[in-house]
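Single-structure report; data block below.
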Amino acid sequence: MSHPVDIHVGRKLKQIRTLRRLSQTDVARKLDLSFQQIQKYEIGSNRVAASRLFELAQILDVPPSFFFDGLHDNDNEAPQKDTGMEIVTALAAIKDDDIKSRIVTFIEDVSGVTVARRS
1 MSHPVDIHVG RKLKQIRTLR RLSQTDVARK LDLSFQQIQK YEIGSNRVAA SRLFELAQIL
61 DVPPSFFFDG LHDNDNEAPQ KDTGMEIVTA LAAIKDDDIK SRIVTFIEDV SGVTVARRS
């Protein structure tokens with residue numbers, strides 16, 4: 001059984017990786033790992049060592065503390081669902097790039113935030 005903190009860290013890893021528009025393979029290559037290892041980190045079945053977490057933070061351009069944001073100290077309860085991550089997952093599942101782009105534009109209009117896009 002995975003520890004709730006490992007699950008939370010894995011979800012945060014998947015969230016920021018997806019937001020940065022990187023595949024598991026992209027991240028794995030930068031760490032000289034297999035994409036399966038990244039999958040295991042993301043579902044919380046494998047713990048991420050502190051040194052590896054630091055490397056991930058550098059690759060994904062976030063502070064190491066990002067992976068613990070939203071985690072409450074000493075409660076050992078499973079973290080609440082992250083609605084933002086659910087949106088990211090649903091958006092990533094859309095195959096049509098034109099539709100995906102229109103949805104992103106809509107979200108930007110509603111939120112007032114512009115997302116940096118790769119060409």
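Using full-length UniProt numbering, the final residue of the sequence shown is 119, and nothing's skipped along the way. Even for Gly, the Cβ is constructed at its ideal location relative to N, Cα and C.
Own chain residues within Cβ distance below 6 Å of residue i, not counting five before or after
i, result
"T14", "Checking the sequence shown, residue 14 turns out to be Lys, not Thr. Correct list, in chain order: E42."
Alpha helix (DSSP H) segment containing residue i, residue limits
i, result
"K95", "It is not in any alpha helix (DSSP H) - K95 carries neither H nor E in the DSSP assignment."
Same chain only: Cβ atoms within 8 Å of residue i, ignoring 5 sequence neighbours per side
i, result
"G84", "Q15"
C-alpha gap between residue i and residue j, whole angstroms
i, j, result
"K96", "I103", "For the record, residue 96 in the displayed sequence is Asp; it is not Lys. Cα to Cα, D96 sits roughly 11 Å from I103."
"D82", "L71", "12 Å"
"I99", "K12", "26 Å"
"S65", "R47", "16 Å"
"A50", "F67", "11 Å"
"R17", "L53", "13 Å"
"residue 150", "G10", "Residue numbering for the chain in the displayed model covers 1 to 119; residue 150 lies beyond these limits and cannot be assessed."
The ligand FAD heavy atom lying under 7 Å from the CB of residue i
i, result
"Q36", "This structure simply doesn't include the ligand FAD, nor any ligand for that matter."
Contact set for residue i: own chain, Cβ-Cβ below 7 Å, skip 5 residues either direction
i, result
"L19", "V88"
"D6", "G44, R47"
Which whole runs of the alpha helix (DSSP H) in the UniProt domain "HTH cro/C1-type" (13–67) are 4 residues long or more, in chain order? Entirely contained in the UniProt domain "HTH cro/C1-type" (13–67), the alpha helix (DSSP H) runs reaching 4 residues are, in chain order, 24–31, 35–43, 50–60.
With contact counted as at least three CB pairs below 8 Å, one residue from each stretch, are the region 22–32 and the region 85–93 in contact? At 8 Å Cβ cutoff, the stretches do not touch.
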